[in-house]
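Working notes, structure below.
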Amino acid sequence: MKHGVAASIDRPGAPLAIISGGSSGIGLCAARILGAKGYRIALLARDQQRLAQARAALEADGIEVITRILDVRDAEACRAVVETLTFRHGPPLWVVASAGIVEPGFFLDQGESATRDQMETNFLGTANLVRAAVPSMLAAGRGHVAMVASAAGLFGVAGYAGYCASKFAVRGFAEALRIELSASGVSVTVAVPPDTDTPQLAYERPLRPAAIAPFAGSGRPLPPEVVAAHLIRTAERGGFLSAPTAQLAAIARLQGGASGLLARMQMRLLSRHKR
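Residue 54 is where the sequence shown starts when you use our numbering, and the numbers rise one by one after that.
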């Protein structure tokens with residue numbers, strides 16, 4: 054057994070894609086895209102009613118769907134759910150970490166729980182799912198890990214200190230993990246979308262501090278289908294950063310030159326060490 058992962062049951066059928074935050078928004082759109090490509094979709098989310106609605110919508114399109122109620126903040130629950138899915142259906146070829154929350158407000162006006170909740174869901178929840186799923190992907194020697202960060206993971210936005218911190222953490226985590234997995238056959242991609250037309254945005258907009266609203270809400274929100282399609286296309290092409298607008302792509306290029314060079318240096322060192 055490789056990486057301490059028990060052998061899975063050899064189940065015939067479609068390959069598995071695991072998607073957190075899969076009951077709405079970017080996660081649900083990613084599920085629809087991957088389902089149309091022939092993947093068996095495992096949707097993970099906290100809300101049972103939304104999960105049921107998402108399942109019905111996907112099944113109406115002929116997509117095979119499994120649903121599991123999961124709070125990604127619970128590392129043990131993540132491990133148990135992924136272990137069961139992997140045992141029954143084999144290692145996933147896709148893991149899309151899309152679960153996330155936002156609590157706008159100036160940092161000093163918020164209690165500590167707002168910062169903690171965003172970090173635990175957005176960053177630690179992503180890390181929990183990845184830690185649970187990647188060992189079986191490594192044993193199989195293939196797969197895509199796709200994480201949803203945010204444009205607020207590229208630059209700071211007033212009124213979003215906790216959210217920015219959590220999404221910067223996702224992007225940094227993805228950069229480091231990509232280096233660590235560079236010779237494994239498992240790729241890592243991270244999305245940094247702008248405002249996206251999701252239930253989260255509908256919740257967030259009325260809570261934005263008025264002083265920053267002209268900046269934070271300056272562009273037209275992207276459809277979640279566009280963000281999900283760009284993320285999956287970038288991952289399939291072996292790309293790392295999915296920036297779905299020209300402006301964000303330019304910012305990412307400006308920021309990414311040095312980090313890309315440092316990443317390649319580390320990949321060479323790791324490759325030599327494994328020989």
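All C-beta atoms, glycine included, are put in the ideal place defined by N, C-alpha and C.
Checklist entry - Which partner residues does residue 240 have in the DSSP bridge list? => result 197
Checklist entry - Buried or exposed: where does residue 54 fall if 16 or more other Cβ atoms within 10 Å of its Cβ makes it buried? => result Reliability of the predicted coordinates at residue 54 is poor, the pLDDT of 35 falling under 50, and no value is obtained from them.
Checklist entry - Comparing alpha-carbon positions, which option in 82, 141 and 155 lies nearest residue 67? => result 141
Item to check | residue 321 burial status per 10 Å Cβ neighbour count (16 or more: buried) | outcome: exposed
Checklist entry - Out of 276, 201, 149 and 150, which has the shortest C-alpha to C-alpha gap to residue 251? => result 276
Checklist entry - Roughly how many angstroms separate the alpha carbons of residue 316 and residue 233, rounded to a whole number? => result 10 Å
Item to check | Closest by C-alpha distance to residue 204, when choosing among 198, 216 and 196 | outcome: 216
Item to check | residue 97 beta carbon less than 9 Å from that of residue 39 | outcome: The displayed coordinates of the chain run from 54 to 328. Any statement about residue 39 would go beyond what the structure contains.
Checklist entry - For residue 149 versus residue 80, is the C-beta spacing smaller than 9 Å? => result yes
Item to check | Straight-line gap, residue 207 to residue 278 (C-alpha atoms, nearest Å) | outcome: 21 Å
Next on the checklist: If contact is defined by three or more beta carbon pairs under 8 Å, each pair taking one atom from either stretch, is the region 170 to 181 in contact with the region 240 to 250?
Outcome noted: no
Item to check | Collapsed DSSP secondary structure at residue 279 in the structure displayed | outcome: helix
Next on the checklist: I believe residue 144 touches residue 193 by the beta-carbon criterion, under 8 Å. Please report the beta-carbon distance rounded to the nearest angstrom.
Outcome noted: 4 Å
Next on the checklist: Check for me: the beta strand (DSSP E) holding residue 93 runs from which residue to which?
Outcome noted: 93 to 98
Checklist entry - Where do the ends of the beta strand (DSSP E) carrying residue 73 lie? => result 69 to 73
Checklist entry - Below 8 Å, can you find three or more Cβ-Cβ pairs linking the region 253 to 261 to the region 302 to 313? => result no
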